[in-house]
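Data block below; observations after.
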Amino acid sequence: MSAETLAARPSPLSRRGRLLLGLLLAAAAAWATLGLAPSDALPGEAGRGILRLFLEGALSPALTYEGSDVPADAPPLLARVAGALWRTVVFAVAGLSLSLVIGVVLGFLGARSWWEDDERECAVRARARAPVRRVLAAVHLSVRVTIALMRSVHELLWAVLLLAALGLTSFSAVIAIAIPYGGTLAKVFSEMLDECPRDTVRSLRAIGARGVSVFAWGLLPRAMGDMSAYAFYRFECAVRSSAILGFFGYPTIGYYLRLSAENVHYREVWTYLYALLALVGLLELWSSRLRRRVVMR
Amino acid sequence: MSERLRRLHRARPRSRFVRASAAVGGLCTAYVWCSGAVEAGDFLSARRRENLVRFLTEDSVPFPLRGEGFDLAGAWSWAGEVLGGRGLQAAVATVAIATVAIALAGVLSGCLAPLAAATVATERPVEPAAGGGRPAWRALRLIVRAGMIVMRSIPEYVLAFLLLAVLGPNHAWPAVLALALHNGAILGRLGAEAVENLEPGPLRSLRGLGASRRSILAAGVFPLALGNYLLYFFYRFETCVREATVLGMLGVVSLGFYIQDARAKLYYDEMLLLIGLGSVIVLAADWVSSRARRYLRSGV
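Chains D and R, in that order, give the protein sequences.
Just so it is clear: in the first sequence, position 48 is 66 by my numbering, and no numbers are missing.
Just so it is clear: in the second sequence, position 15 is 72 by my numbering, and no numbers are missing.
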């Protein structure tokens with residue numbers, strides 16, 4: 019970088035400074051809007067009692083039911099925890115596998131490199147005539163809009179919608195995860211495809227490859243590592259989402275956690291929390307080992 | 058030629074672990090879909106279809122448009138009333154919750170990140186041999202990292218639910234604190250990585266000049282790591298807005314509160330309208346955060 023370009027640019031510190039100042043002002047305004055009182059952030063008399071109970075529960079998570087009003091046919095607590103954990107994973111696996119299909123299809127169709135035909139890209143639009151190109155551009159735009167809309171509604175809100183439309187069925191939980199996750203995967207996949215190095219693409223084009231084959235052999239293998247690492251990371255998120263779907267009546271871990279908390283059985287709450295933490299921790303370990311092997315640096 | 062290709066193919070990098078992971082993933086997926094654990098067929102049953110048709114053709118249609126009295130002006134004023142009244146108020150509250158939460162998360166992660174970074178939290182910071190350190194330093198890093206793992210593994214929704222029982226429902230703190238703790242832990246981890254990946258040269262020269270740990274942090278680590286950190290920060294802001302919307306369903310007054318309210322009253326038309334409003338807010342936050350990131354990178 020030469021001296022002129024350095025002088026022509028404003029210093030990066032001032033840019034950050036402006037952003038931070040804006041952020042501070044926004045936070046102050048938001049604080050005032052919400053009317054937050056710092057004293058309310060600490061528990062009151064009753065809250066302290068609950069907090070004490072809750073923290074005591076952390077040291078001695080329940081291994082059997084805490085209450086005495088357990089129905090005779092209820093499974094042992096640990097079996098119930100294992101079942102809830104298993105169903106949490108089942109919903110997450112089903113939701114993520116569906117969203118992977120959506121993510122790959124929409125991610126390809128949403129990637130600029132799938133459509134455009136300037137020098138660096140592999141073109142599907144390249145050989146089409148002008149009116150066809152306009153139609154294809156419209157398809158590209160509508161795919162991107164669809165991705166944004168799928169992503170912009172939280173999985174819990176999709177669940178609420180699907181509960182109203184379909185009622186309580188495990189398939190509605192799966193779709194509630196699959197739609198927003200499909201959108202997120204599609205967005206990230208298309209960005210990864212557009213941003214991955216173009217060297218292979220260039221050499222393939224130089225030896226005469228065109229169109230989809232450049233995409234499939236030049237671009238996809240370069241982005242594949244990042245894409246699979248990200249997909250696995252999303253699985254971890256899907257497990258968390260699946261867990262909280264239980265708050266809406268699905269039989270995942272959130273359902274039992276909520277029941278126990280509402281009955282003030284905090285030792286049982288901790289059993290569920292520890293189970294969820296162990297599962298997520300295990301997945302995180304797995305995901306980081308996988309990332310080290312598949313992500314190209 | 059083909060012999061050479063075959064040899065290259067055989068010599069490609071492979072990993073047993075990756076293959077085993079893919080196999081486990083594939084088997085689990087096949088099992089989940091084939092075993093009947095997910096009732097995909099039930100989706101097509103007559104009762105569900107009926108429910109779906111009723112939802113689409115009656116429940117979700119704005120009520121002034123239902124049946125005989127097709128009243129477009131009425132629908133318009135109904136939408137204006139819902140969106141302009143509680144909709145607007147809840148939208149402002151949602152964004153405000155997310156903003157306060159992300160600011161607190163920023164402060165929290167600023168405290169945690171240096172404590173978790175192996176290059177700083179050690180008795181001889183930023184020196185070439187840094188990284189190990191006495192057991193006390195190692196224990197400190199381990200505790201901070203473990204705490205962050207726990208905080209980011211518990212979903213915000215569960216955190217807010219538990220905080221609601223402790224703090225009471227009459228203010229926004231349960232939602233704000235849940236988001237701040239969860240995101241503070243995530244940003245703390247990312248910040249610690251940003252600190253560890255810093256170019257060691259400038260920091261070592263500060264150390265060579267005799268700077269203390271605190272001055273190295275203030276004059277070297279924070280300014281240098283801030284750029285990368287802020288990129289993550291604005292990315293998390295978007296997620297915060299998304300989550301702030303739904304935390305309302307627990308009883309804090311954000312958009313989710315009114316969505317839950319409409320749902321409980323079976324006003325599905327109003328519920329859809331509010332969900333649409335939530336979608337607009339999230340898209341707006343997405344736009345703001347991507348603009349902020351672009352501004353950081355290139356100044357536009």
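C-beta atoms are modelled at their ideal positions from N, C-alpha and C, and glycine is treated no differently.
Keep in mind that this is a model prediction, so the values were computed, not measured.
Answer with yes or no whether the minimum CB distance from residue i to chain R is below 8 Å.
| i | result |
| --- | --- |
| D136/D | Note that D136/D has pLDDT 49, beneath the 50 cutoff, so the model's placement of it is unreliable and the number below is only indicative. Cβ-Cβ to chain R under 8 Å: no for D136/D. |
| H283/D | no |
| S115/D | yes |
| W235/D | no |
| W49/D | yes |
| V312/D | yes |
| S170/D | yes |
| A321/D | What the structure shows of chain D is the stretch from 19 to 315, and residue 321/D is not part of that stretch, so it cannot be assessed. |
| L77/D | no |
| R252/D | no |
| A102/D | no |
| T289/D | no |
| F207/D | no |
| S57/D | no |
| G128/D | no |
| G226/D | no |
| S188/D | yes |
| C140/D | Low per-residue confidence applies at C140/D: pLDDT is 45, beneath 50, and the placement is therefore not dependable, though the value from the model is reported in the following sentence. False, the Cβ-Cβ gap to chain R never drops below 8 Å. |
Just the C-alpha distance for residue i and residue j, rounded to the nearest angstrom, thanks.
| i | j | result |
| --- | --- | --- |
| R223/D | V139/R | 56 Å |
| G296/D | H283/D | Gly is not the amino acid found at residue 296/D; the sequence shown has Ala there. If I take the Cα positions, the gap works out to 20 Å. |
| L114/D | A275/R | 43 Å |
| C91/R | G82/R | 14 Å |
| R105/R | E115/R | 15 Å |
| G65/D | L266/R | 51 Å |
| T156/R | L84/R | 42 Å |
| A234/R | A46/D | Reading the sequence as shown, one finds Leu at residue 234/R and not Ala. Going by the C-alpha atoms only, they are around 16 Å apart. |
| D58/D | R195/R | 36 Å |
| Y356/R | S78/D | Note that residue 356/R is Gly in the sequence shown, not Tyr. Approximately 54 Å between the Cα atoms of the pair. |
| R198/R | V252/R | 14 Å |
| Y83/D | A100/D | 14 Å |
| S109/R | L118/D | For the record, residue 109/R in the displayed sequence is Leu; it is not Ser. Approximately 25 Å, taken between the alpha carbons. |
| S280/D | I68/D | For the record, residue 280/D in the displayed sequence is Glu; it is not Ser. Rounded to whole angstroms, E280/D to I68/D spans 12 Å at the Cα level. |
| P182/R | A268/R | 10 Å |
| N227/R | A321/R | 20 Å |
| E96/R | I193/D | 12 Å |
For the alpha helix (DSSP H) containing residue i, list its first residue and its last residue.
| i | result |
| --- | --- |
| P121/R | Unbroken run through P121/R: none, as it is neither H nor E. |
| D212/D | 188 to 213 |
| G163/R | 145 to 173 |
| M245/D | 238 to 263 |
| P212/R | That residue, P212/R, is in no alpha helix (DSSP H); it is neither H nor E in DSSP. |
| I165/D | 148 to 170 |
| W90/R | 73 to 91 |
| T106/D | 95 to 128 |
Against chain D, with Cβ distances strictly below 8 Å, would residue i count as a contact?
| i | result |
| --- | --- |
| G277/R | no |
| Y352/R | yes |
| Y325/R | yes |
| G144/R | no |
| V252/R | no |
| R348/R | no |
| M306/R | yes |
| L287/R | yes |
| W90/R | yes |
| V118/R | no |
Considering only their Cβ atoms, is the gap separating residue j from residue i smaller than 8 Å?
| i | j | result |
| --- | --- | --- |
| L29/R | F279/R | Absent from the structure is residue 29/R, since the part of chain R shown begins at 58 and ends at 357. |
| G225/R | G62/D | yes |
| V313/D | D212/D | no |
| F100/R | F207/D | no |
| S346/R | E300/R | no |
| R202/R | A173/R | yes |
| A150/R | S311/R | yes |
| L81/D | L96/D | yes |
| L281/R | P257/R | no |
| P119/R | D326/R | yes |
With a cut-off of 8 Å, does the C-beta of residue i fall near any C-beta of chain B?
| i | result |
| --- | --- |
| R240/D | The question asks about chain B, but that chain is absent: this structure's protein chains are D and R. |
Original post:
For the segment 201 to 216 of chain R against the segment 31 to 42 of chain D, are there 3 or more C-beta pairs whose distance is under 8 Å?
Top reply: Because the criterion of three Cβ pairs below 8 Å is not met, the segment 201 to 216 of chain R and the segment 31 to 42 of chain D do not touch.
Original post:
Is the segment 233 to 245 of chain R close to the segment 203 to 211 of chain R, with three or more CB pairs under 8 Å?
Top reply: As far as the Cβ criterion goes, the segment 233 to 245 of chain R touches the segment 203 to 211 of chain R, which means the pair count is three or higher.
Subject >> Stretch pair the segment 271 to 282 of chain D + the segment 98 to 108 of chain D: three plus CB contacts closer than 8 Å >> reply: At 8 Å Cβ cutoff, the stretches touch.
Subject >> Three-pair Cβ contact test at 8 Å for the segment 190 to 207 of chain D versus the segment 161 to 169 of chain D >> reply: Short answer: they touch.
Original post:
Touching or not, the segment 226 to 241 of chain D and the segment 287 to 303 of chain D, by the rule of three or more beta carbon pairs under 8 Å?
Top reply: The segment 226 to 241 of chain D vs the segment 287 to 303 of chain D: no contact.
Subject >> Cβ pair count under 8 Å reaching 3, the segment 125 to 136 of chain R against the segment 305 to 322 of chain R >> reply: No: fewer than three Cβ pairs fall under 8 Å.
Original post:
Does the pairing of the segment 153 to 167 of chain D with the segment 180 to 187 of chain D give three or more beta-carbon distances under 8 Å?
Top reply: Verdict: no, contact absent.
**OP:** Would you check if the segment 235 to 250 of chain D and the segment 304 to 313 of chain D touch, i.e. whether three or more CB-CB distances between them fall below 8 Å?
**Re:** When Cβ pairs closer than 8 Å are counted between the two stretches, the segment 304 to 313 of chain D is seen to touch the segment 235 to 250 of chain D, the count reaching three or more.
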